[in-house]
Every structure is written in structure tokens, then in C-alpha cells.
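So the structure is just underneath, and the comments pick up after that.
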């Protein structure tokens with residue numbers, strides 16, 4: 032199944048790709064003026080409204096859900112503009128946006144939200160733990176932790192996006208240190224998705240509200256701000272990686288990837304940008320393979336998408352030609368691949384040790400492997416979310432999805448990703464095709480269809496940031512004001528195996544396989560069966576029908592039926608068991624014959 036696009040088509044797309052180089056001066060973000068703060072609020076409002084369309088399209092009552100989601104976004108906009116108006120004394124903003132809002136001043140970051148939104152955006156429950164997860168509550172209220180990075184000395188650094196500053200957590204003393212950012216405008220908020228550590232002891236992170244890249248000196252405890260080159264369609268610097276002497280940043284809404292040269296002084300940084308080929312599109316996450324090729328995505332939700340490979344090394348070798356006046360045809364440095372079916376919202380991307388590219392789809396439960404040698408995509412699926420994550424008190428959610436968001440690969444052959452609406456962190460064993468999903472204990476009921484918003488065992492914590500170091504996955508809970516760690520070295524309560532690795536089945540036929548459960552102790556408690564497959568865009572559709580029965584406590588008989596209308600092809604079937612803390616599964620191949 033080749034997806035590669037070359038020749039005239041590639042030239043048509045890539046004719047718009049330009050690399051520009053200039054000098055960027057380090058400056059603080061704009062002062063807290065009405066114009067800039069209104070822009071920040073309205074940019075965030077546009078982002079939230081687009082996200083509402085994306086995340087409700089698969090629901091049965093998508094119109095009702097879309098309206099509800101847009102109401103939350105509108106309330107956030109109104110409260111933020113009200114706050115701006117009150118702060119600068121602008122009566123027009125106060126008159127237009129401060130009606131029917133109750134704002135009790137606390138002197139904490141909670142003041143960025145009206146009273147009725149604080150439970151949603153600030154959380155407030157105590158830190159919890161499971162056999163595998165330990166949470167830590169941030170002492171300052173409502174900081175909305177987002178990007179996170181573990182330094183070589185083991186200290187955990189993260190961005191407090193609701194106050195525009197950085198914080199450190201010492202895992203040994205279990206002590207937080209928060210560093211006030213005097214350059215940050217009062218009352219401003221941002222979304223800082225990307226963060227990385229430089230060998231000179233500095234932490235760099237993105238700021239989507241002020242189109243800024245921040246540098247924090249962990250030794251001198253000082254902040255510097257660097258303007259990100261904006262695009263005419265608007266910019267949102269998102270993920271950030273330091274590789275060698277370069278900082279690489281994707282501009283999510285500005286359709287480009289930017290390289291900053293760290294070898295320069297921060298007051299005089301050189302940068303180059305690769306402009307994405309699809310106009311009015313999103314430019315997603317990126318990774319660099321062992322041959323110094325840059326892989327990244329460019330897409331329009333539900334419309335079109337491309338996986339691109341840019342040959343950095345070859346372009347650098349040939350760049351001297353440009354200085355002599357010779358025109359360099361940039362399409363020679365690119366390979367372009369069309370997205371496969373069902374890849375619509377490509378956020379996280381990582382490259383593994385074999386140079387395979389992994390992409391997760393945030394509008395479904397799917398994730399994809401791209402083999403650059405075979406030029407082939409393979410689709411995988413996560414487990415179905417547990418009901419404690421999505422609630423479904425109204426019964427409107429017919430096909431719950433996990434929404435994998437960001438990815439990272441480790442040195443042990445694993446792909447790690449966060450599942451936004453499953454409230455889980457997943458570890459996928461690439462070679463053995465096994466999946467372990469760890470449930471995060473804190474849940475915010477205001478982000479799910481929970482019947483009782485006062486109960487703590489329903490909802491999601493919005494696990495948006497994570498970093499992997501050895502056997503630990505450190506993560507942030509944006510809606511619960513906590514950080515946490517998953518200890519993947521701890522023994523699992525059970526493992527699973529199947530009696531076959533693949534089956535071939537004709538349409539209308541049924542095959543039976545055995546799923547064995549191998550407990551680590553005599554008392555593993557209540558367990559549940561879980562299955563999912565890639566035979567349909569909707570994972571619970573009728574292309575493959577899965578049924579099961581417990582033969583005994585250690586064996587489940589699984590029946591797999593291909594429907595009469597199933598599409599022929601090769602698919603992945605995920606089979607596993609779970610308890611309230613962990614989900615353990617493995618994949619088998621299912622071939623549906625014509």
C-alpha cells in the first residue's frame with residue numbers, strides 16, 4: 032500500500048515551500064495592553080472552537096455536544112475579556128462581557144476564571160496513588176501545568192501555563208519550587224506544549240499566547256524571552272526539541288517548522304523556517320531519524336493530510352549553492368506521503384530506533400506506524416476507554432474513543448503516548464506488539480458526561496504533558512493542578528497470551544481463539560475483558576464482531592466473526608483484560624479474505 036506522492040504532484044505542493052533566514056532579537060513579550068490581551072483571548076477562543084468541531088464530530092448527538100462545547104469556549108472568552116476590561120478600566124469590555132459573571136477574588140491564579148469555571152479549569156482534589164501511579168499536588172492553586180521535562184540531575188521541571196512561569200519538583204525531597212516570571216503580564220494565560228533542556232543548564236519552552244520562546248536559566252534562575260517569527264495567518268509555537276545546536280519548533284497554526292541556531296548569542300539568533308505545503312492548515316509534531324531527516328505532518332482535519340520527510344543533511348551540504356546565486360529546487364529534498372484512511376488529526380509524532388515513524392490520531396483511538404523502507408502505514412488501536420473516564424450518564428456516547436495525543440519513544444523499544452479521554456498513559460512494546468495502559472487516579476468530572484460532578488471517580492485530568500526517563504513516566508494534569516509519575520518497572524498483576532498470532536477468515540465466517548490470563552499472584556481481584564480492532568473507522572462497528580466467555584478464571588474464549596459486508600484486508604485485533612489500575616493487552620493479525 033504505497034502512499035508516496037512524487038513528480039508533478041509533489042512539485043505542485045512543494046512549490047510553496049520556502050526556507051528563510053534572518054536575525055531574531057531577544058525581547059520580552061508585549062506589555063499587558065488591551066490589544067495584546069484581547070488577541071491572546073481571541074486566539075485561544077478560535078483554537079477552542081476548532082477543537083470543539085473536531086472532538087464532537089464522532090458523537091451520536093454531535094450537534095448537541097458541539098453546542099455544549101462551544102458554550103464552554105464562549106464562557107471562557109467572556110470571562111477572560113471581562114477580566115481584561117476590569118484590569119485596564121475599559122468600560123466597553125466590562126459592559127459587554129462582565130454580565131452574569133461572579134468572580135470572587137482569592138489572590139491566586141484561580142482569579143483568571145469566574146467562580147463557576149474554577150472546578151473545571153483548576154481542579155482541587157487531593158493527590159492520589161495506585162500501585163503504579165503517584166501524584167503530587169502543586170502548592171499554588173490553579174497553575175495548569177502543561178509541558179514537562181526531566182533534567183539530567185533527576186529534577187522535574189514543568190510550565191505553569193496559567194501564570195506563565197516554570198516550576199521544579201525534587202523527587203527525593205518531594206518539594207516544589209516555583210519561579211516567578213517578572214516579565215509575564217499580570218492575568219495572562221497561555222498553552223505551553225513544548226519544553227526541552229539544553230546542556231548549558233537552561234530550559235526552553237513555547238508560549239502560544241504571545242508567540243514567544245522562553246529560556247529559563249536553572250542556575251541563575253532568570254528568564255529571557257525570544258519572539259517567534261509570526262506568520263500572516265497567525266502563529267502558535269507548539270512542540271519544541273533541542274537537537275545538537277538547533278532548537279526545532281513547529282508552528283501549529285502558522286504552517287511551518289522553524290530551526291533556531293543555539294550556537295549564536297540569544298540576542299542575535301539566526302533561524303530558518305520550512306513553510307508547510309498545504310495552505311490554511313495545521314503543522315503537527317515532528318521527529319528526526321538516524322539519517323538526520325526531519326519528519327513532520329501537515330493536515331486539515333477531515334480533509335487532507337501529508338507526512339513529509341525533509342533531508343536536512345543534504346540541504347545543508349547544498350546550501351552553499353544558494354549563496355552563489357544558484358537556484359535550489361527544494362522539492363529535491365522532500366518525500367511526501369498521503370495520510371492513510373482514518374488518520375485525521377495528527378498530533379503526536381515520534382521516530383523509533385529503526386527509523387519507523389509513529390503518529391497518533393487525536394480524533395479517534397488509532398495510532399499508526401509508517402515504515403519508510405516499505406512506504407507502508409500500519410494501523411493500531413488502543414483499548415476502549417473505561418466508563419469511569421467518560422461517564423455517559425446521558426447515554427449519548429455510543430462509541431467512546433481514547434484520543435491519543437502526544438508520543439515519545441524510549442531506549443527499550445517502546446512507544447509511549449497519553450490517551451486524553453481515557454485518562455491513561457500507554458506503553459506500546461513495538462517488537463512484541465503488546466500494550467499496557469496505566470490509569471491515572473485523579474479525574475475531573477467537568478470534562479466528561481458524569482452524573483454527579485461532585486464525585487471524583489469520573490472524568491479526565493487532561494494529561495497533556497509527559498516525559499520518559501528510564502522506567503518512569505512523569506506527567507502533568509492540566510485540569511487537576513498536579514504532576515505525577517508512572518513506575519513501569521513494577522510487576523503487572525497479570526499478563527496475557529493467545530494461542531495464535533494471526534488468523535485468516537472469510538466474510539461471514541467465525542474463528543475462535545483462546546486468551547490466557549497469567550496472574551502474578553493468587554488474588555488478582557476483579558478483571559474485565561476488553562477488545563478493539565482496526566477493521567472499521569468506528570472501532571465498534573460490525574465489520575468484525577467480537578464475543579467472549581470466561582472458560583475459567585485463567586482463560587477467555589474469544590469468537591471473531593467477519594460480517595458479510597466486511598472489507599477484505601489485514602487488520603489488528605487487540606485483546607486484553609483490565610482492572611481499575613491497569614489494562615494489559617496484545618495484538619493479533621486478522622486477515623479478511625475477499
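Numbering (my numbering), first residue to last: 32 to 625. In this text, a Cβ means the ideal position worked out from N, Cα and C, and glycines have one as well.
Assigned secondary structure, residue i (DSSP; H/G/I helix, E/B strand, else coil)
{"i": "residue 455", "result": "strand"}
{"i": "residue 620", "result": "strand"}
{"i": "residue 369", "result": "strand"}
{"i": "residue 128", "result": "helix"}
{"i": "residue 436", "result": "strand"}
{"i": "residue 480", "result": "coil"}
{"i": "residue 442", "result": "coil"}
{"i": "residue 163", "result": "coil"}
{"i": "residue 492", "result": "coil"}
{"i": "residue 597", "result": "coil"}
{"i": "residue 152", "result": "helix"}
{"i": "residue 450", "result": "strand"}
{"i": "residue 303", "result": "strand"}
{"i": "residue 27", "result": "No answer is possible for residue 27: the residues shown for the chain start at 32 and end at 625."}
{"i": "residue 264", "result": "coil"}
{"i": "residue 98", "result": "helix"}
{"i": "residue 422", "result": "coil"}
{"i": "residue 142", "result": "helix"}
{"i": "residue 68", "result": "helix"}
{"i": "residue 105", "result": "helix"}
{"i": "residue 121", "result": "coil"}
{"i": "residue 460", "result": "strand"}
{"i": "residue 610", "result": "coil"}
{"i": "residue 323", "result": "coil"}
{"i": "residue 42", "result": "Note that residue 42 scores a pLDDT of 27, beneath 50, so its modelled location is shaky; the value from the coordinates is reported in the next line. Helix, per DSSP."}
For residue i, the first and last residue of its enclosing beta strand (DSSP E)
{"i": "residue 553", "result": "Unbroken run through residue 553: none, as it is neither H nor E."}
{"i": "residue 415", "result": "Element bounds for residue 415: n/a, residue is neither H nor E."}
{"i": "residue 274", "result": "268-274"}
{"i": "residue 253", "result": "253-258"}
{"i": "residue 377", "result": "377-382"}
{"i": "residue 401", "result": "397-402"}
{"i": "residue 470", "result": "465-470"}
{"i": "residue 318", "result": "313-319"}
{"i": "residue 279", "result": "277-282"}
{"i": "residue 250", "result": "From DSSP, residue 250 is part of no beta strand (DSSP E); its letter is neither H nor E."}
{"i": "residue 157", "result": "Where residue 157 is concerned, there is no enclosing beta strand (DSSP E), given that its DSSP letter is neither H nor E."}
{"i": "residue 390", "result": "388-392"}
{"i": "residue 289", "result": "287-292"}
C-beta contact flag for residue i and residue j at 8 Å
{"i": "residue 199", "j": "residue 181", "result": "no"}
{"i": "residue 227", "j": "residue 273", "result": "yes"}
{"i": "residue 452", "j": "residue 380", "result": "no"}
{"i": "residue 508", "j": "residue 422", "result": "no"}
{"i": "residue 175", "j": "residue 192", "result": "yes"}
{"i": "residue 68", "j": "residue 256", "result": "no"}
{"i": "residue 240", "j": "residue 465", "result": "no"}
{"i": "residue 259", "j": "residue 268", "result": "yes"}
{"i": "residue 115", "j": "residue 72", "result": "yes"}
{"i": "residue 234", "j": "residue 203", "result": "no"}
{"i": "residue 326", "j": "residue 377", "result": "no"}
{"i": "residue 343", "j": "residue 323", "result": "yes"}
{"i": "residue 608", "j": "residue 554", "result": "no"}
{"i": "residue 445", "j": "residue 460", "result": "yes"}
Contact with chain B by residue i, beta-carbon distance below 8 Å
{"i": "residue 576", "result": "Judged by its chain identifiers, the structure shown contains no chain B, having just a single protein chain."}
Exercise for the section: Flag this pair as touching only if the stretch 596-611 and the stretch 390-401 have three or more C-beta atom pairs under 8 Å; answer yes or no. Expected result: A contact between stretches requires three or more CB pairs, one per stretch, nearer than 8 Å, and the stretch 596-611 fails this requirement with the stretch 390-401.
Practice task
Mind listing, in chain order, the continuous alpha helix (DSSP H) runs of no fewer than 4 residues lying wholly within the stretch 176-243?
Solution key: Counting only runs of 4 or more residues that sit fully inside the stretch 176-243, no alpha helix (DSSP H) segment turns up.
Practice task
Decide if the stretch 394-408 is in contact with the stretch 471-483; the criterion is three or more beta carbon pairs, one per stretch, under 8 Å apart.
Solution key: By the Cβ test, the stretch 394-408 is not in contact with the stretch 471-483, since fewer than three Cβ pairs between them sit closer than 8 Å.
Practice task
Could you tell me whether the stretch 518-525 touches the stretch 540-555, using the rule of 3 or more Cβ pairs below 8 Å?
Solution key: Yes, the stretch 518-525 is in contact with the stretch 540-555.
Practice task
Any chance you could list the beta strand (DSSP E) runs of at least 3 consecutive residues sitting entirely within the stretch 499-583, in chain order?
Solution key: Complete beta strand (DSSP E) runs here, min 3: 503-508, 513-518, 525-529, 533-536, 541-550, 559-564, 575-583.
Problem - Given 8 Å, three or more beta-carbon pairs between the stretch 110-121 and the stretch 158-172 - result: Contact between the stretch 110-121 and the stretch 158-172 is absent: fewer than 3 CB-CB pairs across the two stretches fall below 8 Å.
Exercise for the section: Count the CB pairs spanning the stretch 489-498 and the stretch 445-465 that are closer than 8 Å, and state whether there are at least three. Expected result: In short, these stretches touch, since the Cβ pair count reaches three.
Practice task
Pair every Cβ in the stretch 274-291 with every Cβ in the stretch 309-325, then say whether three or more of these pairs are closer than 8 Å.
Solution key: Between the stretch 274-291 and the stretch 309-325 there are three or more C-beta pairs closer than 8 Å, enough to call the two in contact.
Practice task
Indicate whether the contact test is met: 3 or more Cβ pairs, each with one atom in the stretch 597-612 and one in the stretch 404-419, closer than 8 Å.
Solution key: Yes, since at least three Cβ pairs between the stretch 597-612 and the stretch 404-419 fall closer than 8 Å, the two stretches touch.
Problem - Touching by the beta-carbon criterion (3+ pairs, under 8 Å), the stretch 530-539 and the stretch 615-622 - result: Judged by Cβ distances under 8 Å, the stretch 530-539 makes contact with the stretch 615-622, as three or more pairs qualify.
Handout entry: Ranges of the alpha helix (DSSP H) found wholly within the stretch 332-369, counting only runs of at least 4
Key = For the stretch 332-369, whole alpha helix (DSSP H) runs of length 4 or above, ordered along the chain, are 343-354.
Exercise for the section: Report yes or no: do three or more beta-carbon pairs, one from the stretch 348-367 and one from the stretch 413-427, lie closer than 8 Å? Expected result: Fewer than three beta-carbon pairs drawn from the stretch 348-367 and the stretch 413-427 are found closer than 8 Å, and the two stretches are therefore not classed as touching.
Exercise for the section: Would you be able to state if there are at least three C-beta pairs under 8 Å between the stretch 361-377 and the stretch 331-340? Expected result: Yes, the stretch 331-340 touches the stretch 361-377.
Practice task
Give a yes or no on contact between the stretch 427-434 and the stretch 305-314, applying the rule of three or more CB pairs nearer than 8 Å.
Solution key: Verdict: no, contact absent.
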